[in-house]
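In this text, residue positions in the sequence shown follow UniProt numbering: the first is 1, and each later residue adds one.
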Amino acid sequence: MQLIINYSSNKAIMLFTDSESLRLEALYQYCILDTPPEEVFDDLVNIAADSCNTPIALISILDSQREWFKSKVGISELEIPRDICLGIHTIGQNDILIIPDTWQDERFVENPLVRQKPSAFRFYGGVPLINSEGFALGCLAVIDFTPRNLSLKEQQILQRLARQIIRQLELHKKRINHESSFNAHLLFTNNPRPMWICEMQSLQILDVNQAAITQYGYSKTEFLQMQFAQVFVPEFISDLIRDIEQEYSQLPFLMECQHRLRGGQVIDVELAINYIEYSGYQACLVDTINITEHIQIERNLQKSEARVRTILEAIPVPLVISRVDDGLILYTNSEFLQTFQLSGNDLINHYAADLYENSEDRQQILEALSQHGSLQNYDIQFKKSDGTSFWAIASIQYLNFNNEYAILTVLYDITERKNIEAKLQEQNALLQSIFAGIPLMIALISPEGQVQWINQELERLLGWSLRDYQTLDIFAELYPQPEYRQSVIKFMQSGECIWGDFRTQTRYGQVLDTSWINIKLADGRIIGIGQEITERKQTERALKGQIEREQLMRAVAQRIRQSLNLQNILNATVKEIKDLLGVDRVVVYQFAPDMSGKIVAESVKPGWKIALGADIQDNCFQSGAGADYCQGHKRAIANIYTAGLTDCHLHLLEQFQVKANLVVPILLEVSEGNTVPQLWGLLIAHQCSTPRDWEAHELDLLDQLSVPIAIAIQQSSILQQAQNELAERQKVEVRLRSALAEKEVLLKEVHHRVKNNLQIVSGLLLLHSQTLKDPELIRTLQESQNRIESISMIHKNLYTSPNIGQLDVVDYVNNLATSILISYQLEPGRISLETHIHPVDLNLDQAIACGLIINELISNSLKHAFPQNTTGAIKIDLQKVDDKIEMTIQDNGIGLPDNLDWRYTDSLGLSLVHDLVTEQLEGTVSIERQPGTTFKIQFSH
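The structure is reproduced here in structure tokens:
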């Protein structure tokens with residue numbers, strides 16, 4: 001390598017010839033730069049320092065920018081810039097370089113390594129590390145802070161060490177090459193694209209990868225017996241052979257062609273052909289890409305290319321070409337002039353730097369362009385000739401314009417987008433300020449579950465800062481139980497827009513009730529919004545408890561209504577209280593008159609002593625300790641040993657393993673006029689396992705339930721009294737029925753005797769009428785006999801009736817009417833009788849009056865309504881109309897004379913009818929004369 005050093009203005013400027021590029025190419029093949037320290041190199045550099053007795057020893061490698069230290073002793077730097085390093089002078093010669101005193105060497109007048117005190121490099125000795133190809137890769141150097149020289153032996157040691165370093169570098173290169181070869185084989189075998197290795201001249205396939213076997217349909221054996229040209233569509237074979245012959249010296253090269261698969265399908269492919277050596281053959285490596293779809297797309301694009309070109313040319317795009325060296329504007333299009341408000345004359349001696357709003361932007365663009373070669377979508381702010389500015393996306397690249405090295409810049413106005421972005425930033429700032437002050441917890445979570453941002457309210461409530469969320473396993477802190485934590489994470493990852501309630505632990509150990517909803521954003525992030533609901537949850541739990549208590553109250557009340565069995569009510573009630581309060585035992589304790597007592601109902605958890613049926617002689621109660629309970633006082637004892645209980649009370653509770661209890665009295669209401677309720681007993685809840693801090697609603701529940709229990713007790717007492725009274729009434733009823741039966745026999749006997757006496761009178765009238773000759777007297781006696789017979793029938797009906805007090809009106813009226821017709825000895829069928837008698841209730845007086853009226857009116861019809869043996873009919877109706885009894889007696893005879901006032905006639909029968917209706921029945925009677933005669937009688941029931 002030839003090193004040219006140009007000194008200008010006392011500053012060395014290094015210019016490299018082409019040989020430096022070859023040296024760097026050889027150096028990079030070792031892949032040694034920026035590798036970790038290695039023991040073998042560290043040992044060699046320590047030997048150099050010890051052998052030469054210098055504080056500093058270095059094994060350095062020089063690339064295009066720096067001197068990098070593979071191994072070092074005495075300094076901490078890993079590298080130094082190439083323009084000040086001392087090694088650059090060592091690699092410029094083939095032998096050892098010794099500089100006894102750097103201060104005496106004009107090359108280092110301004111070198112900071114040499115001039116800086118107190119650690120200035122005063123002595124330098126370096127041996128170039130020259131490989132077998134003659135390239136100096138770096139050097140082995142020793143450095144001291146004082147001027148000195150090296151002995152011949154020390155120089156020989158350094159030279160031998162330099163050769164050892166070169167050997168180690170060669171070993172490193174071989175190892176890297178071997179690894180590269182192995183990796184290349186893996187890359188060939190496992191590459192997803194079809195690949196072949198073919199002999200250069202005959203194109204015989206030497207090897208093939210699995211992708212080619214799979215995609216082309218041939219087996220590996222079949223491929224190894226083929227020439228590569230056999231997979232080509234015939235018209236492309238000559239192109240392949242020509243290109244390989246022509247491009248042999250320029251491998252690798254690309255070509256597009258068509259292949260035919262084993263099944264006959266033709267595909268478009270792009271081949272990348274590289275020259276390689278393979279098992280002693282000059283071969284080519286063929287890498288294949290299936291571009292069938294791409295070619296089809298190109299063909300489609302070609303069809304519309306003209307249309308696309310027309311459209312592109314119609315799009316106004318500002319364009320400018322400027323010189324690289326000084327930025328002089330060489331060319332612009334009309335759209336550029338219009339956009340920047342410039343004319344052609346304005347561009348004379350106009351520079352690209354004048355277009356930028358910020359002058360430093362051009363320098364940054366030049367540096368980025370130098371590094372990347374081209375820039376796409378680069379946001380820049382430009383200024384127009386009138387001083388206004390606008391934003392544009394710039395696409396920038398190098399080009400040769402009129403034989404000048406130039407830069408092409410194409411602009412797309414994005415001012416509107418930038419304005420929108422600015423507004424969005426303002427909105428984001430506004431939203432963050434809103435989120436910071438909103439009384440809700442808000443967190444932004446990445447798709448991977450990392451918390452990216454939280455607001456002040458979340459930090460205030462839970463106590464964790466954003467740094468905590470980003471450095472700790474925060475969900476394990478918030479939700480210590482693993483299963484519960486997984487349910488929270490699952491809820492969060494679901495992104496469902498529904499509220500979920502959780503128990504969240506703060507940094508200080510307090511557990512809060514929180515409610516969260518997740519909003520999943522388009523980019524996969526999640527906004528979690530939460531609120532503390534501890535107070536609401538407490539209210540809900542209180543309401544739930546209240547509902548459960550009310551349900552228990554209703555159940556007890558329902559049980560009391562449905563059952564009169566006090567023991568069943570008490571047993572069910574104590575069980576439900578035990579389950580609701582979660583206590584170990586609930587009992588009902590009943591006082592005796594002497595204030596001793598007995599447990600009459602109990603529900604107890606397994607494992608605790610059973611107290612049911614226990615008789616308790618409590619000296620405390622018997623000595624007046626229970627007086628407070630008579631006043632309705634209730635008691636909650638959290639710990640029997642700290643409640644200040646008397647010894648007798650404490651001993652009693654210990655018998656039943658009690659640690660804490662609730663006690664409420666069961667008070668019964670007493671008779672009117674006495675305001676002091678009766679203490680029947682106690683309703684008691686026991687906690688036997690541990691002391692317990694009772695809540696107010698638990699004591700209230702027991703107190704409320706004592707009321708229905710007292711009602712059940714009183715109801716049971718009332719039931720017992722009712723049962724006793726019923727038994728007594730049943731006894732009285734038996735006695736009354738016996739007396740009534742005796743009276744009924746007596747009444748029947750009375751009615752029987754009355755009927756017999758009336759029959760005797762009737763018989764005497766019959767005998768007397770048989771001795772008479774005068775028809776009028778006989779008729780009068782017969783009428784009197786019929787009247788007596790109607791009364792007799794009533795008494796007969798009463799004493800023969802199963803119910804002595806109930807007259808069978810239907811039977812009575814029918815028998816009476818029939819008897820009257822028979823007594824007149826009429827020809828059969830001459831006078832018909834029709835009755836419609838309803839079973840109305842008539843007392844004895846009403847029945848006698850009705851019987852006499854029927855007798856008189858029927859007798860009157862038989863005597864006067866049907867003269868000269870004419871035929872006819874008599875109809876009797878008896879029914880209840882509203883609150884009246886209505887009796888109708890009707891015949892279809894000749895009727896009463898028009899001038900007859902039946903109420904004032906000498907006829908005994910009609911006068912009797914009028915008197916019976918108006919006086920005895922206190923009713924009314926009306927008469928209808930046509931056709932026949934109808935008497936309608938109404939009287940009160």
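Every residue gets a Cβ at the ideal spot worked out from N, C-alpha and C, and that includes glycine.
None of the values given here were measured: they were computed from a predicted structure.
Q) Taking three-plus beta-carbon pairs below 8 Å as touching, is the region 216-236 in contact with the region 188-206? A) yes
(Q) So isoleucine 396 and threonine 409 are supposed to be a Cβ contact under 8 Å. How far apart are they, rounded? (A) What you label residue 396 is simply residue 396 of the sequence shown in a count that begins at 1. What you label residue 409 is simply residue 409 of the sequence shown in a count that begins at 1. Indeed they touch by this definition, with Cβ atoms about 5 Å apart.
**Q.** Buried or exposed (CB count within 10 angstroms, at least 16 for buried), asparagine 403
**A.** Taking the first residue of the sequence shown as position 1, residue 403 is located at position 403. Classification for asparagine 403: exposed.
Q | Buried versus exposed call for asparagine 345 [16 or more other C-beta atoms within 10 Å across all chains shown] | A | In the sequence shown, the residue the question calls residue 345 occupies position 345. Exposed: under 16 other Cβ atoms inside 10 Å.
Q. Mapping DSSP to helix, strand and coil, what is phenylalanine 16?
A. Here residue 16 is taken as the residue at index 16 of the sequence shown, counted from 1. Because the pLDDT at phenylalanine 16 is just 48, under 50, the model does not fix this residue reliably, and the value given afterwards should be weighed accordingly. Residue state, collapsed to three classes: strand.
Q: Measure how close the beta-carbons of glutamine 879 and histidine 838 come, nearest whole angstrom, since I'm counting them as under 8 Å.
A: Walking along the sequence shown from the start, residue 879 turns up at place 879. Walking along the sequence shown from the start, residue 838 turns up at place 838. Yes, they are in contact, since the Cβ atoms of glutamine 879 and histidine 838 sit about 4 Å apart, within 8 Å.
**Q.** Separation of glutamate 733 from threonine 871, as counted between CA atoms
**A.** Residue numbering aside, residue 871 sits at position 871 when the sequence shown is read from its first letter. Residue numbering aside, residue 733 sits at position 733 when the sequence shown is read from its first letter. So the alpha carbons of these two residues sit roughly 57 Å apart.
**Q.** Rounded C-alpha distance that separates residue 943 from glutamine 846
**A.** Any question about residue 943 goes unanswered here, given that the chain covers just 1 to 941.
(Q) If you reduce the DSSP assignment to three classes, tell me which class isoleucine 297 lands in. (A) The count along the sequence shown starts at 1 and reaches residue 297 at position 297. Three-state DSSP puts isoleucine 297 in a helix.
Q: Work out the CA separation of glycine 528 and leucine 366 for me, nearest whole Å.
A: As a first step, residue 366 is located in the sequence shown; it is residue number 366 there, counting from the start. As a first step, residue 528 is located in the sequence shown; it is residue number 528 there, counting from the start. Distance between the alpha carbons of leucine 366 and glycine 528 is about 45 Å.
Q: Measure how close the beta-carbons of isoleucine 237 and phenylalanine 253 come, nearest whole angstrom, since I'm counting them as under 8 Å.
A: As a position in the sequence shown, residue 237 is number 237, starting the count at 1. As a position in the sequence shown, residue 253 is number 253, starting the count at 1. That pair is no contact at about 17 Å.
Q: Output the boundary residues of the beta strand (DSSP E) element that contains lysine 520.
A: As a working mapping, residue 520 is identified with position 520 in the sequence shown. Segment 511-520, the beta strand (DSSP E) holding lysine 520.
Q | Euclidean distance between Cα positions of isoleucine 713 and histidine 697 | A | Taking the sequence shown and counting its residues from 1, one reaches residue 713 at position 713. Taking the sequence shown and counting its residues from 1, one reaches residue 697 at position 697. So the alpha carbons of these two residues sit roughly 24 Å apart.
Q) Expressed to the nearest angstrom, what Euclidean distance is found between the alpha-carbon atoms of glutamine 341 and asparagine 400? A) Here residue 341 is taken as the residue at index 341 of the sequence shown, counted from 1. Here residue 400 is taken as the residue at index 400 of the sequence shown, counted from 1. Approximately 27 Å, taken between the alpha carbons.
Q: Could you pull out every residue in the same chain whose Cβ sits closer than 6 Å to the Cβ of isoleucine 130, ignoring the five residues on either side in sequence?
A: Residue numbering aside, residue 130 sits at position 130 when the sequence shown is read from its first letter. Excluding positions up to five away in sequence, the list reads Ala136.
**Q.** Between the CA atoms of isoleucine 197 and phenylalanine 188 - distance to the nearest angstrom
**A.** Against the sequence shown, residue 188 aligns to sequence position 188. Against the sequence shown, residue 197 aligns to sequence position 197. Between phenylalanine 188 and isoleucine 197, the C-alpha separation is close to 10 Å.
Q.
Starting from phenylalanine 223, trace the alpha helix (DSSP H) in both directions and tell me its first and last residue.
A. As a position in the sequence shown, residue 223 is number 223, starting the count at 1. Per DSSP, phenylalanine 223 belongs to the alpha helix (DSSP H) from 220-224.
Q: For alanine 522, count neighbouring C-beta atoms within 10 Å of its own C-beta (all shown protein chains included) and say buried if the count is 16 or more, exposed if not.
A: For the purposes of this step, residue 522 is taken as the residue at position 522 of the sequence shown. Answer is exposed; the Cβ neighbour count stays below 16.
Q: Whole angstroms is fine: what's the gap from isoleucine 937's alpha carbon to aspartate 882's?
A: Position 937 of the sequence shown holds residue 937. Position 882 of the sequence shown holds residue 882. So the alpha carbons of these two residues sit roughly 14 Å apart.
Q | Whether isoleucine 848 touches alanine 817 by CB criterion (8 Å) | A | Walking along the sequence shown from the start, residue 848 turns up at place 848. Walking along the sequence shown from the start, residue 817 turns up at place 817. No. Outside cutoff.
Q. Measuring CA to CA, which of Ala572, Asp841, Ala614 is closest to residue 942?
A. Only positions 1 to 941 of the chain appear in the structure, and residue 942 is not among them; the question remains open.
Q. Should serine 19 go down as buried or exposed, given a rule of 16 or more other Cβ atoms within 10 Å for buried?
A. As a first step, residue 19 is located in the sequence shown; it is residue number 19 there, counting from the start. Its Cβ having fewer than 16 others within 10 Å, serine 19 is exposed.
Q) Since valine 664 is in the beta strand (DSSP E), which residue starts that stretch and which ends it? A) The residue you call residue 664 lines up with position 664 of the sequence shown. Counting along the chain, the beta strand (DSSP E) containing valine 664 begins and ends at 660-668.
Q. Around the Cβ of leucine 312, are there at least 16 other Cβ atoms within 10 angstroms (buried) or fewer (exposed)?
A. The residue you call residue 312 lines up with position 312 of the sequence shown. Low confidence applies here, because leucine 312 scores a pLDDT of 35, under 50, leaving its location unreliable and the question unanswered by this model.
Q: Leaving out five residues on either side along the sequence, give the residues of the same chain with a beta carbon under 6 Å from the beta carbon of lysine 384.
A: Here residue 384 refers to the residue found at position 384 of the sequence shown. Phe340, Gln341, listed in sequence order.
Q) Leaving out five residues before and five after residue 971 in sequence, what residues of the same chain have Cβ atoms less than 7 Å from its Cβ? A) Residue 971 cannot be examined here, being either before or after the span of the chain that is shown, 1 to 941.
Q | Chain-order list of residues whose beta-carbon lies under 7 Å from that of phenylalanine 502 (same chain, five-residue window excluded) | A | As a first step, residue 502 is located in the sequence shown; it is residue number 502 there, counting from the start. Correct list, in chain order: Val488, Thr514, Trp516.
Q) For tryptophan 499, is the classification buried or exposed, using 16 other Cβ atoms within 10 angstroms of its Cβ as the cut-off for buried? A) The residue labelled residue 499 in the question sits at position 499 within the sequence shown. Answer is exposed; the Cβ neighbour count stays below 16.
Q. Thinking just about the alpha-carbon of each residue, which of Tyr331, Asp326, Val324, Asp325 is nearest to the one in proline 318?
A. Your numbering for residue 318 matches position 318 in the sequence shown. Nearest of Tyr331, Asp326, Val324, Asp325 to proline 318, Cα basis: Tyr331.
Q | Among Pro480, Thr292, Asp101, Ser370, the one whose alpha carbon lies nearest that of glutamine 510 | A | Along the sequence shown, read from residue 1 onward, the residue named residue 510 stands at position 510. Measuring from the Cα of glutamine 510, the nearest candidate turns out to be Pro480.
Q: Assign leucine 705 to one of three DSSP states: helix, strand, or coil.
A: Locating residue 705 in the sequence shown gives position 705, where the first residue counts as 1. In the structure shown, leucine 705 sits in a helix (DSSP, three-state: H, G or I).
Q. Is it right to say valine 233 is buried, meaning 16 or more other beta carbons lie within 10 angstroms of its own, or is it exposed?
A. Here residue 233 refers to the residue found at position 233 when the sequence shown is read from its first residue. Its Cβ having fewer than 16 others within 10 Å, valine 233 is exposed.
Q | Alpha-carbon to alpha-carbon, isoleucine 321 and glycine 264 | A | The residue you call residue 264 lines up with position 264 of the sequence shown. The residue you call residue 321 lines up with position 321 of the sequence shown. So the two alpha carbons sit approximately 52 Å from each other.
Q: Enumerate, from N- to C-terminal direction, the unbroken beta strand (DSSP E) stretches of 3 or more residues contained entirely within the region 317-356.
A: 319-323, 329-332
Q) Which of helix, strand or coil does DSSP assign to methionine 200? A) Translated into the one-based positions of the sequence shown, residue 200 becomes position 200. It is coil, neither helix nor strand.
Q | 7 Å CB neighbourhood of glutamine 154 in its chain, flanking five on each side removed | A | Within the sequence shown, the letter at position 154 stands for residue 154. It should be noted that the sequence gives glutamate, not glutamine, for residue 154. Around glutamate 154: Ser51, Cys52.
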